[in-house]
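One structure is given here, and the rest of the page talks about it.
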Amino acid sequence: MKNKPDNFHFQAKTALNNPSLQQALSKATTHILNKRARAIQELTDLETLRDRARRIKEQTIAQLNHYLLQLESEVRKAGGKVYWAREARDAQRYIAKLVKQKKAQLVVKGKSMVSEEIGLNEYLEKLGLEVVETDLGEYIVQLAGERPSHIIAPAIHKSREEVALLFQKKLGTNPEAEISKLTQVARERLREKFFQADIGITGANFAIAETGTIVLVENEGNIRFTTSLPPVHIVLMGIEKVIPTLADLVVFLKLLPRSATGQKLPSYVSLITGPRRDGEKDGPEELHLIILDNGRSRILSEPALRESLYCLRCGACLNICPVYQKVGGHAYGSVYAGPIGSVITPPLVGLYRARALPYASTLCGACRDICPVKINIPHMLLQLRQGLSYRWNRNLINPGYWLEKLLTITWSMGMKDEGRYRFGSKVARLLQRPFLKKQKISHLPYPFSRWTKSRDFTPLAAKPFRIWWEDNQRSSKDHERAD
Amino acid sequence: MKAHLFVTCLVDQFFPEVGIDLVKCLRLAGVEVHFLTGQTCCGQPAFNNGFWREARSLAKRFIYLFEKADLIVIPSGSCASMVKVFYPVLFKDDPILLARAQALSQKVYEFSEFLVKLLGIETVASKYTGKITYHDSCHLLRELKIYEEPRKLLKAVKGVELVEMENSEACCGFGGIFSIKNSDISAAILQEKIDRIRATDAKVVVANDVGCLMHIAGGLSRQNLTIKTRHIAQILAAD
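Residue numbers (the numbering used here), protein chains in the order written: chain A, 290 to 772; chain B, 302 to 540.
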C-alpha cells in the first residue's frame with residue numbers, strides 16, 4: 290500500500306517499530322549533521338551569508354513574474370525551449386508529446402524532487418518507456434520499488450545490509466560484497482543506460498534569470514552524463530527555483546552543499562546554458578525547460594506561508610528534526626517529508642488531506658536554526674494549525690476535532706476568570722484522586738491515556754502556589770495591597 | 302527593584318515549591334516581588350494547538366492584567382516566548398492590541414535572563430552538592446536565544462558540578478499537545494533524552510521550564526530511575 294499523508298500516525302508507528310530503520314536513520318542523520326557542523330565551522334561569515342541568501346530569495350520571490358519571464362527569454366535566446374506547466378498533468382503531457390515525437394524508449398533521470406511530485410516515473414512507465422534513475426540512492430529506491438525518503442539522501446532509510454540483499458536479488462551480486470563493489474556494479478549498469486538513452490531528465494537547483502543558465506549540483510557525475518549524452522535534455526523546475534544573477538549563485542553555492550551534505554563544494558557543479566551549439570562536441574541537441582507551478586502560486590498568495598518558497602531543498606531540516614529522526618521520510622506519506630514538507634505539503638495537496646503534518650512537530654525550532662535561508666518553519670506550522678481549526682475544511686466534520694474544541698473551550702473558559710480558575714483547580718484535584726497511587730499517576734482516561742501509556746503524569750500539588758503566597762503575605766509585614 | 306512574577310499555571314498547580322523558590326531567589330537578589338492573584342494561563346496550549354481565538358482572549362486578559370507592571374518575570378522559556386514573541390503574532394491584525402502587546406513584550410524577562418542580564422548577578426549564595434546536567438528547553442533556546450545565562454548561574458552555585466549531556470539542545474519530545482497527539486513519537490524522542498541524561502551519571506537534571514521537566518520526570522518515573530528533575534530556581538535557592 291502506498292503511504293499517504295492521511296495515514297501519518299499509522300505510518301509513524303510502523304517506522305518506530307522497525308529497528309533496522311531506526312538504526313539506519315540515527316546513523317545517517319548523525320553522520321550528515323556532524324559533517325555539516327564541521328563544514329560550516331570554516332565559514333566565518335555564516336550569518337551574513339544566510340542573511341544575504343535569504344534577502345536574494347525574498348527579493349526574487351517578491352518579483353517572481355519578472356525573473357521568470359527574463360529566464361524564459363534568456364533560455365530561448367540560448368536555443369532552449371520553454372514550457373509553462375500549471376499543473377502536474379500539463380508537465381506530464383508535454384513530456385509525453387516529446388517522447389512520442391522522438392520515438393523514445395529509454396529515459397535516464399537525474400535526481401529530481403519535482404519529478405517525484407508529478408509522479409513522472411509511473412506516468413512514463415505506463416506509456417511503455419523504460420525509466421532509469423541514475424543517482425545511486427534513487428537507483429536503490431527504484432530497484433526496491435519504493436519512493437525516496439529524504440530530499441538529498443533518497444535511500445537514507447536503508448541499511449547497507451538491506452542494499453546488499455536488494456542488489457543480490459535484482460542484480461545478482463554477492464550478498465557479502467563491499468559497498469565499493471556494489472557501487473561498481475551499479476555504475477556499470479548505469480553507464481550502458483546513459484549511452485542508450487533517448488532522453489535525459491533532471492531537475493534544477495537554480496535557474497539564473499540573467500543568463501538563462503540551469504545550475505545542477507551533484508556528487509556522482511550522473512547528472513553530467515544525463516545532461517550531456519542523450520540527444521534531448523528536459524529540465525523540470527518549480528517556479529521558485531529562479532535566482533536573478535550569476536553573482537547570486539556564489540552565495541548559494543557556499544551554503545547549499547554545506548547544509549545538504551556537509552561539503553565545501555560538491556564534486557560536480559554543472560552550469561547549462563542552452564543545448565549544444567555549432568562546433569561544440571557534447572551536449573544535447575535539444576533543451577526543454579519545464580517551469581512548473583503545481584500549487585506554488587497558492588503558497589505565493591498566502592503571505593504567512595510565502596517564505597517556504599525560499600527553500601533550497603538542502604534537507605538539513607530533515608536531518609535535525611527530532612520527529613524525522615524517529616519516523617523517517619516515508620511516514621509523512623508525501624513527496625516532501627520533514628519540517629519543510631509539513632509546511633509545503635498542505636498547500637500542495639490540500640489542508641485536509643495533509644492535516645496530520647502540521648502537528649508532526651514539537652515546534653522545537655531546530656529546523657529554523659539550521660536552515661540556510663532561515664525559513665521560520667515552526668511559525669508556519671502554527672499558522673497551518675490555526676487554518677485547520679477555523680477555516681472551512683473537512684477537518685471540521687471530524688469528531689476528534691470537536692472533542693479537542695470542547696476541551697479547549699472549557700479550559701479557556703476556566704482560565705478567563707480568577708474565581709473559575711480557583712474552582713477549576715479544586716475540581717481537578719477531586720478528579721485526580723481516583724488515579725493517584727503512591728504519589729504517581731500512571732493511568733488516565735482517553736485522550737490523556739496517550740501520555741500515561743509510556744510516561745507517568747505529575748499529580749496536581751496539594752495546594753497551588755497562590756495559596757502559599759496569600760498565607761505568606763498575610764504573615765509578612767510588607768503586605769502588598771492588590772493593584 | 303520591583304518585579305511582577307507570572308508564575309505560570311503549571312508552577313502554580315503542579316510545582317508550587319518552584320514558585321516558593323522563585324520568590325526566595327528574587328528576594329535574595331533584592332527584588333520586591335509582586336504577585337497578581339488574578340493571573341491564570343498565558344494561552345499557549347490553545348495557541349499551539351491552532352485555537353487562536355481562545356488564545357487571543359487569554360492573551361488579552363494577560364495584557365490587561367500586566368500592562369501596568371514595570372517588569373514581569375516568567376520562570377519558563379515557553380510562556381515567556383508566548384508573551385514576547387507570539388502575542389504580537391496573535392494581534393498582528395489589530396493595531397491597538399498589537400502596540401500594547403509589543404510594549405508589554407519589552408517588559409517580560411525569563412527568570413535566568415532577568416537575573417543575569419538585567420540584575421547582572423554573577424555570584425549566588427546557595428549550595429548544592431553533586432553532579433547535575435542541564436537540558437536546554439526549545440523555546441528558551443531558540444525563540445529567546447538564552448543559552449549562557451542558566452549555565453552561568455548554575456556554575457556559580459557552590460558544590461555544583463555541571464556536566465553537559467550529549468546534544469543538550471535536542472528537544473525532549475514534549476511539545477505540549479504533541480505529547481498526546483503523537484505520543485509514540487514523543488516517547489521515542491524522550492527515550493533518547495533520558496539515555497543522554499543517564500550517560501552523564503548526573504543525579505539531577507535541571508531546566509528552566511517545568512513543562513519539559515514534567516515530561517522528562519514522567520519518563521524517568523515510569524522507568525523507575527532515581528534521577529531527579531529540578532527547575533533552576535530550586536538549585537539557586539538550595540542551602
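Built from N, CA and C at the ideal position, the CB exists for glycine as well.
The structure displayed is predicted, hence computed values, not measured ones.
- The Cβ of Y648 (chain A) sits closer than 7 angstroms to at least one Cβ of chain B.
- Taking CB atoms only, K615 (chain A) has a neighbour in chain B less than 7 angstroms away.
- For A404 (chain B), no CB of chain A lies under 7 angstroms from its own CB, so it is not counted at the interface with that chain.
- For A442 (chain A), DSSP records no beta bridge to any residue.
- DSSP places K494 (chain B) in the helix class (H, G or I) of the three-state scheme.
- For the region 741-753 of chain A, the residues whose beta carbon sits under 7 angstroms from a beta carbon of chain B are, in order, K742, S743, R744, D745, F746, T747, L749, A750, K752 and P753.
- Contact annotation: in the region 508-526 of chain B, residues whose CB is within less than 8 angstroms of a CB in chain A are M515, H516, A518, G519, G520, S522 and R523.
- The C-alpha of L607 (chain A) lies about 43 angstroms from the C-alpha of K325 (chain B).
- Taking a C-beta distance under 7 angstroms as the contact criterion, G339 (chain B) and A360 (chain B) do not qualify as a contact pair.
- G320 (chain B) sits in a helix when the DSSP states are folded into three classes.
- Buried is the label assigned to Y428 (chain A), since at least 16 other Cβ atoms lie within 10 Å of its Cβ.
- Of all alpha-carbon atoms in A:T303, A:A498 and A:R375, the one lying nearest the alpha-carbon of Q359 (chain A) is that of A:A498.
- Scanning the region 710-744 of chain A for uninterrupted alpha helix (DSSP H) segments of 4 residues or longer gives 738-741, listed from N- to C-terminal end.
- Counting every other CB atom within 10 Å of its CB across the protein chains shown gives H355 (chain A) a total below 16, marking it as exposed.
- Boundaries of the beta strand (DSSP E) around E333 (chain B): E333 to H335.
- The Cβ atoms of L720 (chain A) and P748 (chain A) lie no closer than 7 angstroms to each other.
- Using a CB distance cut-off of 7 angstroms, M704 (chain A) counts as an interface residue toward chain B.
- Interface annotation, V409 (chain B): not in contact with chain A, CB-CB separation never under 7 angstroms.
- The C-beta distance from K391 (chain A) to I488 (chain A) rounds to 7 angstroms, short enough to fall under 8 angstroms.
- The three-state reading of DSSP puts S559 (chain A) in strand, counting E and B together.
- Taking the Cβ atoms as the reference, I664 (chain A) lies roughly 13 angstroms from C610 (chain A), outside the contact range of under 8 angstroms.
- Assigned with DSSP and collapsed to three states, R478 (chain A) falls in helix.
- Residue nearest to K456 (chain B) within the set B:K432, B:G476, B:E368 and B:F412 is B:K432 (criterion: CA-CA distance).
- The straight-line gap separating the alpha-carbon atoms of H335 (chain B) and A304 (chain B) is approximately 6 angstroms.
- Secondary structure at T515 (chain A): helix, using DSSP grouped into helix, strand and coil.
- By the neighbour-count criterion, in which a residue is buried when 16 or more other Cβ atoms sit within 10 angstroms of its Cβ, M302 (chain B) is exposed.
- The beta-carbon of A301 (chain A) is placed less than 7 angstroms from the nearest beta-carbon of chain B.
- Contact annotation for L359 (chain B) against chain A: S701, M704 and K705 [CB-CB distance below 9 angstroms, chain order].
- With contacts defined as CB atoms closer than 7 angstroms, S382 (chain B) and H440 (chain B) qualify as a contacting pair.
- Here E596 (chain A) has I664 as same chain residues with Cβ atoms under 6 angstroms from its own Cβ, once five neighbours each way along the sequence are excluded.
- Nearest CB-CB separation between V505 (chain B) and chain A: not below the 7 angstroms threshold.
- In chain order, I528 place their CB closer than 6 angstroms to the CB of L521 (chain B), counting only its own chain and leaving out the 5 sequence neighbours on each side.
- Within 7 angstroms of the CB of P317 (chain B), the CB atoms of chain A belong to A750, K752, P753, F754 and W757, in sequence order along the chain.
- Interface criterion met: the Cβ of G476 (chain B) is under 7 angstroms from a Cβ in chain A.
- A380 (chain A) sits in a helix when the DSSP states are folded into three classes.
- Within chain B, the residues whose beta carbon sits less than 9 angstroms from that of F737 (chain A) are I481, listed in sequence order.
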